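Numbering-wise (this note's numbering), the sequence shown opens with residue 246 and increments by one.
Have a look at the structure below, then the notes.
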Amino acid sequence: MTRGKPLILSRKPGSEVREERKRKAEGAFQAGSLPKGPPAELKGMLTARRAWRKLKKAHDQLPGQLFNGLDRGFLVGYCLAVEARQRALDLEGEVRKRFEEGKFDLENLIKVRAELRMAIRLCSDLEKQLYASPKSRGGVDPGARELTPEEVIERELQDLDY
Numbered sequence: 246m247t248r249g250k251p252l253i254l255s256r257k258p259g260s261e262v263r264e265e266r267k268r269k270a271e272g273a274f275q276a277g278s279l280p281k282g283p284p285a286e287l288k289g290m291l292t293a294r295r296a297w298r299k300l301k302k303a304h305d306q307l308p309g310q311l312f313n314g315l316d317r318g319f320l321v322g323y324c325l326a327v328e329a330r331q332r333a334l335d336l337e338g339e340v341r342k343r344f345e346e347g348k349f350d351l352e353n354l355i356k357v358r359a360e361l362r363m364a365i366r367l368c369s370d371l372e373k374q375l376y377a378s379p380k381s382r383g384g385v386d387p388g389a390r391e392l393t394p395e396e397v398i399e400r401e402l403q404d405l406d407y
């Protein structure tokens, strides 16, 4: 379903009510938040799920909301790249071990190391994008995150002298 042109681009004279409704609809868009646990796409991938939990933990410790539902696909892609890098590392270790035993030739080892380099490069590029996102480059300040009641109590207890 298309939403039509933004109000600022509309040159057609119209009623005040229609313009007000359109203005409210444009301002009401909410991106949503990230799921608490790893998403279904990462099912059965231990390293990817671990990377998701690490990202989510870092996100929850920051004030405000650095990532939202629109960033979900990028974050899943990053976790899948971490999984691919780990698999390439494991494969390289096995091939190197068999190469030293004389069961594999040098050509196989070179192919596996090239695959490993590509996986490491992909993860490195995604990590750079993760921390140099348009939000951070644009200077967008995420709003302050509300503290949970437990965090409020813990903060107050830290201020007290025993």
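For each residue, glycine too, the CB sits at the ideal point set by N, CA and C.
As the structure is a computational prediction, the values presented were derived from the model and not from experiment.
Do you know how far the Cα of residue j is from the Cα of residue i?
i: D350; j: A285; result: 39 Å
i: M363; j: L371; result: 12 Å
i: E396; j: Q403; result: 10 Å
i: A333; j: R343; result: 15 Å
i: R382; j: K373; result: The predicted position of R382 is uncertain, since its pLDDT is 48 and thus under 50; a value taken from the coordinates is nonetheless stated next. Between R382 and K373, the C-alpha separation is close to 12 Å.
i: A270; j: E261; result: 14 Å
i: R330; j: L287; result: 15 Å
i: P280; j: G347; result: 48 Å
i: A303; j: L375; result: 12 Å
i: T393; j: S369; result: 34 Å
i: P283; j: E391; result: 23 Å
i: L354; j: E345; result: 10 Å
i: R263; j: I398; result: 47 Å
i: G318; j: K356; result: 30 Å
Go to residue i, then tell me how far its alpha helix (DSSP H) extends in each direction, as first and last residue.
i: G318; result: R317 to E346
i: A303; result: L291 to Q306
Keeping to the same chain, check which residues put their C-beta closer than 7 Å to that of residue i; ignore five residues upstream and five downstream.
i: M290; result: E328
i: L367; result: A326
i: L300; result: L320
i: L361; result: A333, L334 and E337
i: I365; result: R330
Residues in the same chain with beta-carbon distance under 6 Å from residue i, minus the five sequence neighbours each way, listed in chain order, please.
i: E265; result: none
i: R400; result: none
Can you list, in chain order, the residues of its chain whose CB lies under 8 Å from that of residue i, leaving out five sequence neighbours each side?
i: R358; result: E337
Inter-stretch contact at 8 Å, needing at least 3 Cβ pairs: the segment 296-307 / the segment 332-342: Touching, no.
When the Cβ atoms of the segment 319-339 are set against those of the segment 295-302, are three or more pairs found closer than 8 Å? Yes, the segment 319-339 is in contact with the segment 295-302.
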